[in-house]
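Residue numbers (the working numbering): 104 to 263.
Note that CB positions come from ideal geometry on N, CA and C, so glycine has one too.
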């Protein structure tokens, strides 16, 4: 099995991919972030969404792994995504600590994710990420484009 992806490095790559597109994030959130902090926050949220989509996509073929373990992992990533979304943008120092802690926690969860190839996972990953971007106020067409673009980055690092 290849080495597990480094979540923090991957989040930085995704943040670079997102770049200036973060201007679509809800105005109340962007007032308190630096450009890169905002992109990293969006990247962490997207990575959580990617893994939720991946796990939902492999769920049908995961009987031999035990459905409960996949359900538990989906729940952990949903909790992580929720915590990213609920970070307090008013306190940048605390936000940086929160994002760093969440990245560490996500890294621990990633080690438990089964690495299976499943065509259905591709569609689920993209749907989860696009839905997340829409919830963050990105326009639909741009949300799909960013999801496709960042999925390329994530898949290059995650797939074997």
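C-beta contact flag for residue i and residue j at 8 Å
| i | j | result |
| --- | --- | --- |
| residue 232 | residue 160 | no |
| residue 202 | residue 150 | no |
| residue 184 | residue 152 | yes |
| residue 117 | residue 146 | yes |
| residue 142 | residue 206 | no |
| residue 198 | residue 119 | no |
| residue 237 | residue 249 | no |
Residue i, enclosing alpha helix (DSSP H) - first and last residue
| i | result |
| --- | --- |
| residue 211 | 195-213 |
Pairwise C-alpha distance: residue j and residue i
| i | j | result |
| --- | --- | --- |
| residue 246 | residue 229 | 10 Å |
| residue 241 | residue 193 | 21 Å |
| residue 53 | residue 158 | In the structure as shown, the chain begins at 104 and stops at 263. Residue 53 is therefore absent and cannot be evaluated. |
Is it true that the stretch 248-263 meets the stretch 178-196, where meeting means three or more beta-carbon pairs spaced less than 8 Å apart? No, because fewer than three Cβ pairs between the stretch 248-263 and the stretch 178-196 fall closer than 8 Å, the two stretches do not touch.
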